[in-house]
Every structure is written in structure tokens, then in C-alpha cells.
Amino acid sequence: MTGGFGEQVLPPWRRAVLKVGSSLLAADGGGLSPRNARALAGFVSACAAAGREVVLVSSGAVAAGRAIVRADTAVDAPIAERQALAALGQAQLMAFWQGFFERPVAQVLLTHDDLRNRRRYLNARATLAALLRQRALPIVNENDTVSVDELKLGDNDTLAAIVAALVDAEVLFIATDIDGLYDADPRLNPGARPVEVVARFSAGLLAAAGGAGSAAGTGGMRTKLDAAQRAAGAGIATVLFNGTRADVLEGLAQDRLRGTRVHPARSRMAARKHWLQNAPAEPGAIVVDVGAAAAMVEKGASLLPGGVLAVRGDFRRGDMVEIRCRDDDGEQPVARGVSQYSATDIRRIARRHSREIEAILGYNYGGSVVHRDDLVLV
Ligand SMILES: Nc1ncnc2c1ncn2[C@@H]1O[C@H](COP(=O)(O)OP(=O)(O)O)[C@@H](O)[C@H]1O
Ligand SMILES: N[C@@H](CCC(=O)OP(=O)(O)O)C(=O)O
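Last residue of the sequence shown: 476 (the working numbering), numbering continuous.
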């Protein structure tokens with residue numbers, strides 16, 4: 099019923115997110131099993147050895163917790179029961195993954211609320227970047243203790259797509275228990291045909307993707323496609339493949355895919371620019387001198403505190419703000435971007451050197467007021 103996927107070559111990449119679902123980790127029906135995890139960890143290590151960075155998004159806490167207390171908690175049990183299982187299982191999930199790596203693993207638990215809030219989004223992004231610099235392996239899961247209803251992302255496929263954008267990954271690898279996407283749910287249609295490349299999302303394609311295939315999995319193919327669509331909009335390619343097959347993982351480490359490849363809808367740069375251009379700005383502005391404006395416009399430089407003349411309004415860290423240049427003739431808008439500091443903080447560090455930030459504020463979020471990656475000219 100599965101199979102039929104030919105080999106395709108993937109473009110080179112530097113940073114990726116790998117999503118591993120519960121169905122792979124609880125493959126033997128009970129708690130965490132090394133059966134698939136070993137080869138998946140081998141893939142991560144092979145990528146690291148090739149100088150590539152991987153962030154792991156791993157489910158499996160509930161499945162691990164269920165095995166610890168030998169609970170027979172049904173999939174539709176009250177949410178608090180499953181949250182308790184996740185809390186029980188999360189520590190074991192981390193220890194489980196650590197067993198496959200010499201370098202340290204780092205636990206990152208996120209909720210939807212964290213990622214909707216720009217300040218927390220920036221903080222999570224900075225932490226993940228620091229972990230990658232330290233050569234640790236970040237392992238992300240949903241913070242199930244607090245994730246209910248509107249806080250909940252629902253499944254880790256969505257979480258993985260958001261994390262891929264958060265860390266500026268080029269590709270999102272989604273490992274599952276089936277060879278890839280088929281044009282119909284293969285559990286119901288034995289004649290379903292493989293879909294090797296998705297260049298565009300159509301209603302028919304989304305309709306073909308059904309729900310979860312195993313007791314442990316939650317989202318099924320539909321949530322994987324939704325995640326791929328979200329990633330595509332952010333300029334990120336998605337690769338769906340069978341994480342139960344060591345040969346597929348070995349090929350993948352050499353950029354050879356047997357599975358489904360979903361093309362990004364636009365370049366990451368274009369996606370980012372689009373977001374920067376269209377995200378609503380807070381009232382208020384950062385007013386800069388001619389030198390700072392020239393550095394941004396001509397060299398694509400970040401805005402440093404030394405070039406800030408004044409601040410208007412009362413925005414917070416993470417807000418989108420207008421940047422205006424003041425010269426002898428007056429003032430005009432030059433750029434917009436995500437502020438690393440609140441208006442209050444910028445008033446205190448304006449005209450000062452970046453290295454003085456820590457002494458003035460007692461903390462620092464980096465040397466720039468607006469980083470060049472978060473800035474677009476107007
Ligand atoms: N069109 C489709 N193509 C492939 N798989 C599909 C499709 N529709 C539904 N599925 C089911 O989705 C399952 C994978 O999702 P899921 O069980 O949630 O895994 P995970 O735990 O990895 O997230 C497959 O095993 C398959 O039964
Ligand atoms: N965050 C929870 C549940 C997430 C979940 O099951 O997602 P998935 O297996 O990707 O469909 C866990 O770790 O068990």
C-alpha cells in the first residue's frame with residue numbers, strides 16, 4: 099500500500115527543523131521506543147557533522163507519561179489527564195533523546211501565546227539562536243501544562259512550522275510513519291498514488307489528506323499539509339518522509355529524498371520583506387540622524403543606539419515601529435522594523451555606544467536597536 103516514491107535531489111540547506119511525531123517514538127504501542135529514534139538521531143548527527151544546524155521538534159511526552167503510570171487514559175480523556183501525562187513524560191522524553199547524542203540537548207517548551215506575543219517570540223528566537231551557537235541540540239515541544247484551548251497549537255506539525263520560521267530554517271523535515279503524501283488516504287484507498295512534489299496547494303490536495311493513522315498520532319496528514327502550507331508562506335520548503343526507514347534517513351542526510359517535497363510559495367527573503375512591510379506598526383517612531391539613515395539605506399546596516407536622536411510614542415520591545423530621519427530640512431520616514439528595545443529603554447540609550455547598553459539598562463538584548471534582519475526600507 100505504501101512505497102512508489104522515486105528518488106529526488108534536494109537543494110543544499112544550512113538550517114532545518116526536524117519534526118518527529120508520537121507515532122514514530124511510541125512505535126511499539128507503549129512508551130518511548132528506540133526503534134525509529136536511533137536512525138532519526140543518526141540523521142541529526144550526520145547533518146551536524148556536515149556543518150548543518152537542526153532544531154528538533156519532538157512529540158511523545160503524553161505517550162511516555164502514559165507508559166510511566168501505566169495509564170489507560172483514552173485519547174479523548176479530560177484534557178487535564180493528558181496534560182498530567184505530558185508533564186510526567188516530558189522529562190523522560192528529554193532523557194530518551196539525550197541517550198542518542200554526545201552533545202547536550204536543551205528543552206524548549208512553547209505555547210501559542212508565547213509565539214503570538216512579539217516580545218516572547220523575540221526572546222524564544224534569541225534563546226534558540228544561542229543554543230545553536232553553543233552547539234546544543236534544541237528539542238522543542240508544546241508546553242502542555244498550560245496549553246489548553248486557545249493557547250494550544252493543537253499538534254506539533256503546526257508548532258514545527260512556526261519554529262521553522264522562528265529560527266529562519268530553509269527546510270522543515272516532517273518524519274512520519276508513512277512514505278509521504280498520497281492523493282487519497284491510503285488506509286481507505288489501497289490504490290492511492292504517491293504525490294512526490296507539491297508546487298501549489300489546491301482544495302483537492304487538502305481534501306485528500308485524512309486524519310491520524312495510529313493511536314499515538316494526533317493530526318494525521320491534514321495537519322502536516324497545513325504545516326507545509328504555513329511554512330511555504332514563510333518561504334520554507336517542507337519534506338515529508340518515512341521516519342521508520344533507515345535507508346530513507348541515510349539518503350536524506352545526503353540530500354536524496356524518497357518522499358514528498360513541498361515547494362515554498364516564495365523566497366524566504368520575499369516572505370520576510372512582505373511581513374515587515376505589512377505588519378501593523380505601533381504609533382510612535384524612532385528618529386535617527388543622517389549617518390544612521392545612510393548606513394541603513396546604503397549598507398543595509400542595523401540601527402545602533404548611537405544614531406538615535408529621539409523616540410516618539412510608547413511602544414514595547416518586539417513592536418513594529420517607523421524609523422524617521424531628521425536632517426536640516428525636516429523629517430521623513432526611511433524604514434520600519436522590529437524594535438529590540440522599548441521606547442523607554444531607547445530614550446535612555448539614545449546617542450550612546452552599544453557596549454554601554456548593559457551598564458545603562460542593567461541588561462541587553464544585543465547591540466542594535468533594530469537588527470538589519472528585522473528592518474525594511476520604505
Ligand atoms: N493522503 C494521505 N497520505 C498519506 N497519509 C495519510 C493521508 N491521509 C491520512 N493519512 C494518515 O496520516 C498518518 C500520519 O499522521 P499521524 O498518525 O498523525 O502521525 P504523526 O504522529 O507522525 O504526526 C498516516 O499514517 C496515514 O494513515
Ligand atoms: N505535545 C504532546 C502531543 C503532540 C502530538 O501528539 O503531536 P503529533 O504526534 O505530532 O501528532 C506530546 O508531546 O505528547
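Each residue gets a CB set at the ideal place from its N, CA and C atoms; glycine is no exception.
#1: Can you tell me the Cα-Cα spacing of Arg168 and Leu123, whole angstroms?
#2: Quick one: what does DSSP say Leu473 is sitting in, helix, strand or coil?
#3: Do Gly382 and Arg424 have their C-beta atoms closer together than 8 Å?
#4: For Gly158, count neighbouring Cβ atoms within 10 angstroms of its own Cβ and tell me buried if that reaches 16, exposed if not.
#5: What runs of the beta strand (DSSP E), each 3 residues or longer, lie entirely inside the stretch 403 to 447?
#6: When DSSP builds the beta bridges, which residues end up paired with Phe194?
#7: Among residues of its own chain, excluding the 5 on either side of Asn241, which ones have a beta-carbon nearer than 7 Å to its beta-carbon?
#8: Taking Pro378 as the reference, give the member of Arg216, Ala297, Ala259 with the closest Cα.
#9: Got a sec: does ligand 2 put a non-hydrogen atom nearer than 7 Å to the Cβ of Ala184?
#10: Can you tell me which of Asn254, Leu279, Gly187, Val432 puts its alpha carbon nearest to the alpha carbon of Leu401?
#11: If we count the other Cβ atoms within 10 Å of its Cβ and call it buried at 16 or more, is Arg201 buried or exposed?
#12: What is the DSSP secondary structure of Gly102, counted as helix, strand or coil?
#13: So what does Gly357 bridge to, in DSSP terms?
#14: Counting beta carbon pairs with one atom in the stretch 176 to 193 and one in the stretch 131 to 145, are three or more of them shorter than 8 Å?
#15: Can you list, in chain order, the residues of its chain with a C-beta nearer than 6 Å to that of Ala326? Leave out the 5 residues immediately preceding and following it.
#16: Kindly indicate the opening and closing residues of the beta strand (DSSP E) around Lys397.
#17: In this structure, what does DSSP give as the bridge partners for Thr274?
#18: Determine which residues share a DSSP beta bridge with Ser156 and list them.
#19: For ligand 2, I want to know if Asn239 counts as a neighbour, meaning its beta carbon is within less than 7 Å of at least one of the ligand's heavy atoms.
#20: Assuming Val436 and Gly464 are in contact, meaning their beta carbons sit under 8 Å apart, how far apart are those beta carbons, in whole angstroms?
#21: Check whether the Cβ atoms of Leu257 and Val269 sit closer than 8 Å, and answer yes or no.
#22: Can the beta-carbon of Val406 be found less than 8 Å from the beta-carbon of Ala441?
#23: Assuming Ala368 is part of the alpha helix (DSSP H), what are its boundary residues?
#24: Since Val160 and Ala184 should fall inside the 8 Å C-beta cutoff, what is the C-beta to C-beta distance between them, to a whole number of angstroms?
#25: Does ligand 1 have a heavy atom nearer than 7 Å to the CB of Met192?
#26: Throw me the rounded Cβ distance for the Arg265 and Leu304 pair, which I believe falls under 8 Å.
#27: Exposed or buried, what is Tyr439 when buried is set at 16 or more other beta-carbons lying within 10 Å of its beta-carbon?
#28: Could you check where the beta strand (DSSP E) with Ile237 kicks off and where it finishes?
#29: Within its chain, find whatever has a CB closer than 6 Å to the CB of Ala306; leave out the 5 residues flanking it on each side and keep chain order.
#30: I'd like the span of the beta strand (DSSP E) that includes Ala204, first residue to last.
#31: State yes or no: is the C-beta of Arg445 within less than 8 Å of the C-beta of Ile458?
#32: Arg333 and Arg366 look like a contact to me (Cβ under 8 Å); what is the Cβ gap, rounded to whole Å?
#33: Can you find a heavy atom of ligand 1 that lies under 7 Å from the Cβ of Ser437?
#34: From the DSSP output, read off the bridge partner residues of Pro292.
#35: Tell me the DSSP secondary structure of Glu348 in three-state form.
The relevant details are as follows:
#1: 17 Å
#2: Three-state result, Leu473: strand.
#3: no
#4: buried
#5: 406 to 410, 418 to 425, 428 to 436
#6: Partner(s): none; Phe194 has no beta bridge.
#7: Leu207, Leu208, Thr209
#8: Arg216
#9: yes
#10: Val432
#11: exposed
#12: coil
#13: Note: Gly357 sits in a beta bridge opposite Phe339.
#14: no
#15: Thr336, Val360
#16: No beta strand (DSSP E) holds Lys397; the alpha helix (DSSP H) holding it covers 388 to 397.
#17: Bridge partners of Thr274: Asn340.
#18: Ser156 is bridged to Val118.
#19: yes
#20: So it is not a contact: roughly 12 Å between Cβ atoms.
#21: no
#22: no
#23: Start and end: 366 to 376.
#24: At roughly 5 Å, the Cβ-Cβ gap stays under 8 Å, so Val160 and Ala184 are in contact.
#25: No, the Cβ of Met192 stays beyond 7 Å of every heavy atom of ligand 1.
#26: In the sequence under discussion, the amino acid at residue 265 is Val, which differs from the Arg named in the question. Not really, about 26 Å apart at Cβ, beyond 8 Å.
#27: buried
#28: 235 to 240
#29: Within the same chain, Ala306 has close Cβ partners Asp281, Ala282.
#30: Per DSSP, Ala204 belongs to the beta strand (DSSP E) from 203 to 208.
#31: For Arg445 and Ile458, no; Cβs fall outside 8 Å.
#32: The sequence as given places Gly at residue 333; Arg does not occur at that position. Confirmed, Cβ separation roughly 3 Å.
#33: no
#34: Tyr280
#35: helix
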